Amino acid sequence: MLTPLDNFYFNKDEPVRGCLLTLRDLILKQDSRLTTEWKYGMPFFYFKGKMYCYLWIHKKYGQPYIGMANGNQLDHPALLTEKRARMKILLIDPNQDLEVEMIEGILQQALNL
Numbered sequence: 008m009l010t011p012l013d014n015f016y017f018n019k020d021e022p023v024r025g026c027l028l029t030l031r032d033l034i035l036k037q038d039s040r041l042t043t044e045w046k047y048g049m050p051f052f053y054f055k056g057k058m059y060c061y062l063w064i065h066k067k068y069g070q071p072y073i074g075m076a077n078g079n080q081l082d083h084p085a086l087l088t089e090k091r092a093r094m095k096i097l098l099i100d101p102n103q104d105l106e107v108e109m110i111e112g113i114l115q116q117a118l119n120l
């Protein structure tokens, strides 16, 4: 039986499913101390017990994104603030190749906070 966390990924259609699974793996490979939890109805990633980032689908654009928990402390032109005070998001087009170096750079910047 699948957990709610597994259902989040496997109930999506391609190419969104593959994109989310790849993003999950990319996030987790940044540091062995990262963990995944099902919180607020979405997959949340924690670093040493503190909120790090999460994955979700943008309602307006229908695209997956990485939400950075302390995004207000990150400075990167690809990060969007929208109406959030603390979080910033990185929209990902599932129909394009992932910009792995850019994504990893943002994830590492967040780990260094």
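Using the working numbering, read the sequence shown as starting at 8 and increasing by one per residue.
By construction, the Cβ of each residue, glycine as well, lies at the ideal position given by its N, Cα and C atoms.
Note that the coordinates shown come from a computational prediction; the quantities given were computed from them, not determined experimentally.
Report the partner residues of residue i according to the DSSP bridge assignment.
i     : result
Met94 : Partner(s): none; Met94 has no beta bridge.
Tyr53 : Thr42, Met58
Tyr72 : Trp63, Leu98
Using the Cα positions of residue i and residue j, report the straight-line distance between them to the nearest angstrom.
i      : j      : result
Asn79  : Asp20  : 31 Å
Thr29  : Ala76  : 20 Å
Arg40  : Gln103 : 29 Å
Asn14  : Arg31  : 14 Å
Leu105 : Ala92  : 27 Å
Leu33  : Pro50  : 14 Å
Met8   : Lys67  : 32 Å
Ala117 : Gly48  : 22 Å
Cys26  : Pro101 : 6 Å
Lys46  : Met109 : 26 Å
Leu114 : Gly69  : 22 Å
Ile96  : Gly56  : 21 Å
Met58  : Met94  : 11 Å
Ile99  : Thr88  : 15 Å
Lys11  : Phe17  : Checking the displayed sequence, the identity of residue 11 turns out to be Pro instead of Lys. If I take the Cα positions, the gap works out to 10 Å.
Would you call the CB atoms of residue i and residue j closer than 7 Å?
i      : j     : result
Tyr61  : Gly74 : yes
Val107 : Pro71 : no
I'd like to confirm something about residue i: is its beta-carbon nearer than 6 Å to some heavy atom of the ligand FMN, or not?
i      : result
Asp100 : Looking for the ligand FMN in the displayed structure turns up nothing, as the structure carries no ligands at all.
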